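A.B. asks:
In the working numbering, the protein residues as written are 5 to 140.
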């Protein structure tokens with residue numbers, strides 16, 4: 005998992021300068037067929053076939069508490085995307101954005117193993133605890 009350039013800059017301004025980073029009121033999980041660019045654009049994101057980002061707000065009910073020793077936070081609620089009505093391709097990465105479309109990319113993670121998602125497949129999902137966000 006890595007932070008986007010946008011998030012890195014905002015956190016540096018917040019911690020070391022006079023800037024203030026406002027926590028997003030909503031978080032949106034995305035799927036990608038290759039690593040998204042860290043420049044905060046939604047590159048390589050799945051499109052079409054009923055695809056839509058899934059909202060999981062920054063709440064204790066949606067995300068586990070970060071451990072003081074491993075820096076890990078997981079999804080505390082399942083994240084289920086719409087069932088595909090077209091082939092989405094091989095999904096290799098996830099992103100977390102601050103908007104349902106466009107917006108600022110915050111973090112990027114790898115999906116292992118990669119998942120081929122085709123028309124008619126069941127709705128792709130991250131089971132509880134399956135989406136790991138780790139700050140090293």
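We put the beta carbon where it would ideally sit given N, CA and C, even for glycine.
Please read these numbers as outputs of a predicted model, since none were measured by experiment.
Going by C-alpha distance, which of 123, 92, 93, 31 is nearest residue 104?
C.D. replies: Looking up residue 104 in the chain shown gives position 100. Cα-wise, what sits closest to residue 104 is 31.
A.B. asks: So what does DSSP say about residue 50, is it helix, strand or coil?
C.D. replies: Working through the chain shown from its first residue, we reach residue 50 at position 46. Coil.
A.B. asks: Going by C-alpha distance, which of 119, 20, 17, 34 is nearest residue 110?
C.D. replies: As a working note, residue 110 is residue 106 in the chain shown. Minimum Cα distance to residue 110 is reached at 34.
A.B. asks: In the structure shown, what three-state DSSP assignment does residue 101 receive?
C.D. replies: Walking along the chain shown from the start, residue 101 turns up at place 97. Three-state result, residue 101: strand.
A.B. asks: Under the rule that 16 or more other beta-carbon atoms within 10 Å means buried, what is residue 112, buried or exposed?
C.D. replies: Looking up residue 112 in the chain shown gives position 108. Looking at its Cβ environment, which holds 16 or more other Cβ atoms inside 10 Å, residue 112 is buried.
A.B. asks: With DSSP as the reference, identify every bridge partner of residue 85, one or two as the case may be.
C.D. replies: Residue numbering aside, residue 85 sits at position 81 when the chain shown is read from its first letter. Answer is none; residue 85 lacks a bridge partner.
A.B. asks: Look up residue 78 in the DSSP assignment and say whether it is helix, strand or coil.
C.D. replies: Counting from one through the chain shown, the residue named residue 78 turns up at place 74. Residue 78: strand per DSSP, three-state reduction.
A.B. asks: Which of the three DSSP states is assigned to residue 17 in this structure?
C.D. replies: Numbered from 1 along the chain shown, position 13 holds the residue referred to as residue 17. Three-state DSSP puts residue 17 in a helix.
A.B. asks: Smallest Cα separation from residue 80: which of 90, 100, 24, 64?
C.D. replies: Here residue 80 refers to the residue found at position 76 when the chain shown is read from its first residue. Comparing Cα positions, the closest option is 64.
A.B. asks: I need the boundaries of the beta strand (DSSP E) containing residue 27, first residue and last residue.
C.D. replies: In the chain shown, counting from the first residue as 1, residue 27 sits at position 23. Neither: residue 27 is in no beta strand (DSSP E) and is coded neither H nor E.
A.B. asks: Is the beta carbon of residue 137 sitting closer than 8 Å to the one on residue 115?
C.D. replies: By 1-based counting over the chain shown, the position of residue 137 is 133. By 1-based counting over the chain shown, the position of residue 115 is 111. No; because the gap between Cβ atoms is not below 8 Å, this pair is not in contact.
A.B. asks: DSSP state of residue 109, grouped into three classes?
C.D. replies: On the chain shown, position 105 is the one that residue 109 refers to. Residue state, collapsed to three classes: strand.
A.B. asks: Does residue 52 pass the burial test, meaning 16 or more other C-beta atoms within 10 Å, or should it be called exposed?
C.D. replies: Reading the chain shown from its first residue, position 48 is the one you call residue 52. Looking at its Cβ environment, which holds fewer than 16 other Cβ atoms inside 10 Å, residue 52 is exposed.
A.B. asks: Determine the direct distance from the alpha carbon of residue 121 to that of residue 12, and round the result to whole angstroms.
C.D. replies: Looking up residue 12 in the chain shown gives position 8. Looking up residue 121 in the chain shown gives position 117. Those two C-alpha atoms are separated by around 31 Å.
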